[in-house]
Amino acid sequence: MRLHLVELILFNTYAELRAEAARSYLGLVWWVLEPAMMMGAFWLVFDVILHTGGPDYVPFLLIGITVWQWMKSCITHGGYAIWGNLGMVRQVPLPPLVFPLVAMLSDTVKFAFIFALLLVILWSMGYPPNAAYWGLVPLFASVFLAGAGAGFIVAALVPLVPDLRFVIEQVLTVVMFLSGVVFPLTQVPDRLRWMMDFNPVAVVMADARGILMHAQLPNWVGLYKVALISISACIAGVLFVRHLAPRFPKLAS
Amino acid sequence: MGEALVELEHVGIAFSSGRNIGGGRFWALEDVSLRLDQGDRLGVIGRNGAGKSTLLRVIAGILSPDRGRIRRARVSCQLLALALGFVPHLSGRDNAILSGLLLGLRRREITARLPAIREFSELGAFFEEPIATYSAGMNMRLAFSVAMQAEPDVLLIDEVLSVGDAAFQEKSRAAMRERTGEGRTIVLVSHDEEQIRDRCNRVVWIEHGRSVLEGSRDEVFAAYHRHSAMEAPR
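Going down the list, the sequences are from chains A and B.
At position 45 of the first sequence (counting the first as 1) the number is 45 in my numbering, and the numbers step up by one without a gap.
In short: position in the second sequence from 1, add 253, done, that's my numbering.
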């Protein structure tokens with residue numbers, strides 16, 4: 001049974017990626033073009049117009065947006081996956097966690113492509129490969145767990161209250177601005193700085209830039225806290241989905 | 254009497270009646286009891302809205318009871334579903350694999366059956382093309398060919414299907430007969446009395462979400478017809 005579910009999740013992920021590439025005129029190009037357009041918009045506003053970027057702003061922004069978009073898409077796509085597959089939930093006795101997992105895995109594959117491109121850009125800008133790259137493994141594991149934990153909790157709630165989608169988009173926008181994704185947190189007033197230490201997204205942003213731009217290993221204590229929060233969120237999310245699973249096929253269309 | 258494959262005792266199922274605040278629930282099944290043994294070919298009869306399709310989804314394990322209880326032996330109960338999980342931009346081959354996995358088959362099982370699916374569906378080279386390019390008839394032929402690959406211990410059917418043109422209809426009818434013949438355990442919902450008489454040895458009659466009578470085919474049909482005659486406007 002478990003092996004069958006693994007096969008189903010992996011093939012479904014392949015099917016989702018393949019179908020997504022076939023749905024649009026430019027296909028796979030959008031996997032890179034969409035984040036590139038977002039990066040361009042922030043660069044225009046914060047660097048060109050407001051001059052708040054600083055000398056390393058372009059790599060700072062590229063890394064921030066790339067990692068953030070991955071985490072955010074795990075939360076939103078994974079979070080909306082059960083709700084979006086209620087038709088299937090009514091037809092097949094599958095564990096509902098299959099749907100968010102497929103969405104998160106396909107977003108992770110897309111992230112892998114974008115990240116490979118990011119590395120090439122960083123190398124060409126004078127930030128060569130370095131010995132701290134191995135720190136990306138625990139860092140990315142923490143980012144995925146954080147996205148998955150939040151995504152599972154959202155996935156449990158959205159089928160019951162679909163209106164939450166509108167709130168979640170706004171909350172994630174606020175989190176992005178409070179996490180040093182598009183501007184350095186050094187610009188945050190001292191009296192508010194303490195809040196950033198409790199923000200797991202801010203921790204992983206700083207660590208990702210430390211590794212890729214300055215060859216610094218992650219702040220292990222901070223990363224340990226992030227992993228602990230993320231694993232707790234994952235466990236809570238899985239239990240929450242499993243608890244609510246009997247209600248999903250009985251929801252009104 | 255040995256252990257039943259599936260046994261329902263006073264099962265009730267409530268659905269949400271809306272998504273808005275204060276939306277209540279309605280009971281699609283109120284009180285249903287039945288027993289399914291190995292080799293039973295159980296027909297489910299009743300009027301529209303009686304809860305027949307909901308009952309199939311309870312037996313399939315999709316819906317869990319809000320009251321009463323269900324006991325299921327370690328058997329697979331599969332609802333016969335056409336075009337399950339089909340994605341328009343994927344090829345017939347990829348859709349067959351995806352649908353087969355959703356129907357409970359392992360990847361190696363569905364891969365081994367791909368040549369048979371391709372042949373039965375009569376799609377030829379179109380099997381490798383996206384199903385978005387298929388006609389409705391081609392789509393149904395592929396859907397039926399894949400659905401026929403599932404071999405659960407208990408097959409649950411919501412109306413017997415035959416799809417495609419006249420020749421394919423005959424082929425699909427033969428495949429269905431083979432899947433629902435003696436020795437198989439099936440639960441069949443149908444409005445067609447002939448189909449139930451033809452394929453089932455036992456019948457349960459559902460009325461307003463309650464099981465009214467369960468027994469031999471002739472006994473239940475006789476009671477059902479007496480009831481319908483009494484209810485008919487004079």
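Every residue, glycine too, gets a C-beta built ideally from N, C-alpha and C.
Cβ neighbour criterion (16 or more within 10 Å) applied to residue i
i: R394 (chain B); result: buried
i: V254 (chain A); result: A question about residue 254 (chain A) goes unanswered here, because the residues of chain A that appear run from 1 up to 253.
i: Q187 (chain A); result: exposed
i: W31 (chain A); result: buried
i: R471 (chain B); result: The sequence as given places Asp at residue 471 (chain B); Arg does not occur at that position. That one is exposed.
i: G434 (chain B); result: exposed
i: G377 (chain B); result: exposed
i: H77 (chain A); result: buried
i: R324 (chain B); result: exposed
i: N12 (chain A); result: buried
i: Y25 (chain A); result: exposed
i: P368 (chain B); result: exposed
i: I49 (chain A); result: exposed
Chain A within 8 Å of residue i, Cβ atoms only
i: G265 (chain B); result: no
i: G314 (chain B); result: yes
i: A334 (chain B); result: yes
i: R359 (chain B); result: yes
i: F268 (chain B); result: yes
i: S317 (chain B); result: yes
i: E304 (chain B); result: The sequence as given places Gly at residue 304 (chain B); Glu does not occur at that position. No - not a single Cβ of chain A is within 8 Å of the one on G304 (chain B).
i: G321 (chain B); result: no
i: G271 (chain B); result: yes
Pairwise C-alpha distance: residue j and residue i
i: A396 (chain B); j: V473 (chain B); result: 34 Å
i: C234 (chain A); j: V241 (chain A); result: 10 Å
i: A257 (chain B); j: D284 (chain B); result: 19 Å
i: P138 (chain A); j: G180 (chain A); result: 20 Å
i: A148 (chain A); j: H342 (chain B); result: 27 Å
i: R278 (chain B); j: K250 (chain A); result: 10 Å
i: A141 (chain A); j: V264 (chain B); result: 45 Å
i: G390 (chain B); j: A419 (chain B); result: 11 Å
i: R247 (chain A); j: Q448 (chain B); result: 34 Å
i: I315 (chain B); j: K72 (chain A); result: 31 Å
i: V171 (chain A); j: R165 (chain A); result: 10 Å
i: Y57 (chain A); j: V175 (chain A); result: 20 Å
i: M401 (chain B); j: V465 (chain B); result: 32 Å
i: V416 (chain B); j: E423 (chain B); result: 9 Å
i: P318 (chain B); j: S388 (chain B); result: 40 Å
i: G40 (chain A); j: P162 (chain A); result: 32 Å
i: D190 (chain A); j: A21 (chain A); result: 46 Å
i: R209 (chain A); j: L122 (chain A); result: 11 Å
i: V143 (chain A); j: G79 (chain A); result: 16 Å
i: Q254 (chain A); j: A103 (chain A); result: As shown, chain A starts at 1 and ends at 253. That puts residue 254 (chain A) outside it, with no answer to give.
i: A252 (chain A); j: D445 (chain B); result: 29 Å
i: G292 (chain B); j: V456 (chain B); result: 14 Å
i: F198 (chain A); j: I231 (chain A); result: 16 Å
i: R2 (chain A); j: F380 (chain B); result: 29 Å
i: I82 (chain A); j: A155 (chain A); result: 6 Å
i: S306 (chain B); j: R294 (chain B); result: 16 Å
i: L254 (chain A); j: L178 (chain A); result: This structure does not reach residue 254 (chain A), given that chain A is present from 1 up to 253, and the question cannot be answered.
i: M205 (chain A); j: L157 (chain A); result: 28 Å
i: L117 (chain A); j: T66 (chain A); result: 10 Å
Any C-beta of chain B under 8 Å from that of residue i
i: R18 (chain A); result: yes
i: M250 (chain A); result: Note on residue identity: the sequence assigns Lys, not Met, to residue 250 (chain A). K250 (chain A) counts as touching chain B.
i: V92 (chain A); result: yes
i: F11 (chain A); result: yes
i: M88 (chain A); result: yes
i: L8 (chain A); result: yes
Contacts that residue i makes with chain D (C-beta to C-beta distance below 9 Å)
i: H4 (chain A); result: No chain D is part of this structure, whose protein chains are labelled A and B.
Residue i beta carbon near the ligand ADP (any heavy atom closer than 7 Å)
i: G126 (chain A); result: Because no ligand of any kind appears in the structure shown, any question about the ligand ADP cannot be addressed here.
Checklist entry - Between the stretch 237 to 249 of chain A and chain B, which residues of the former have CB atoms less than 7 Å from a CB of the latter, in chain order? => result Cβ proximity to chain B below 7 Å picks out P246, P249 from the stretch 237 to 249 of chain A.
Item to check | Residues within the stretch 335 to 355 of chain B neighbouring chain A, beta-carbon criterion of under 7 Å | outcome: From the stretch 335 to 355 of chain B, only L337, G338, V340, H342, L343, D347, I350, L351, L354, L355 have a Cβ closer than 7 Å to chain A.
Checklist entry - Which of the residues in the stretch 402 to 433 of chain B, read from start to end, lie with their CB under 8 Å from any CB of chain A? => result Those residues of the stretch 402 to 433 of chain B that come within reach of chain A (Cβ to Cβ, closer than 8 Å) do not exist; the list is empty.
Item to check | Within the stretch 259 to 295 of chain B, ranges of the beta strand (DSSP E) (whole runs, at least 3 residues) | outcome: Within the stretch 259 to 295 of chain B, the complete beta strand (DSSP E) runs of at least 3 residues are 259 to 269, 278 to 289.
Item to check | Complete runs of the beta strand (DSSP E) confined to the stretch 404 to 469 of chain B [at least 3 residues] | outcome: Complete beta strand (DSSP E) runs here, min 3: 407 to 411, 438 to 442, 455 to 460, 463 to 469.
Next on the checklist: Along the stretch 16 to 46 of chain A, where does the CB come closer than 7 Å to a CB of chain B? Name the residues.
Outcome noted: Hits within the stretch, in order: R18, A19, A22, R23.
Next on the checklist: Output needed in chain order: residues of the stretch 374 to 396 of chain B with a Cβ under 8 Å from some Cβ in chain A.
Outcome noted: When C-beta distances to chain A are compared with 8 Å, the residues of the stretch 374 to 396 of chain B below that value are P383, in chain order.
Item to check | Continuous alpha helix (DSSP H) assignments of at least 4 residues falling wholly in the stretch 94 to 150 of chain A | outcome: Runs of the alpha helix (DSSP H) inside the stretch 94 to 150 of chain A: 98 to 124.
Item to check | Residues of the stretch 447 to 468 of chain B whose Cβ lies closer than 8 Å to any Cβ of chain A, in chain order | outcome: Listed by position along the chain: nothing, the set is empty.
Item to check | Segments of 3+ residues assigned as beta strand (DSSP E) that fall wholly inside the stretch 7 to 93 of chain A | outcome: Within the stretch 7 to 93 of chain A, no complete beta strand (DSSP E) run reaches 3 residues.
Checklist entry - What are the uninterrupted segments assigned as alpha helix (DSSP H) that are 4 or more residues long and contained completely in the stretch 325 to 361 of chain B, given in chain order? => result The stretch 325 to 361 of chain B contains these whole alpha helix (DSSP H) runs: 345 to 355.
Next on the checklist: Runs of 4 residues minimum, wholly inside the stretch 141 to 220 of chain A: which ones carry the alpha helix (DSSP H) assignment?
Outcome noted: Listed in chain order, the complete alpha helix (DSSP H) runs (minimum 4 residues) inside the stretch 141 to 220 of chain A are 164 to 177, 190 to 197, 200 to 214.
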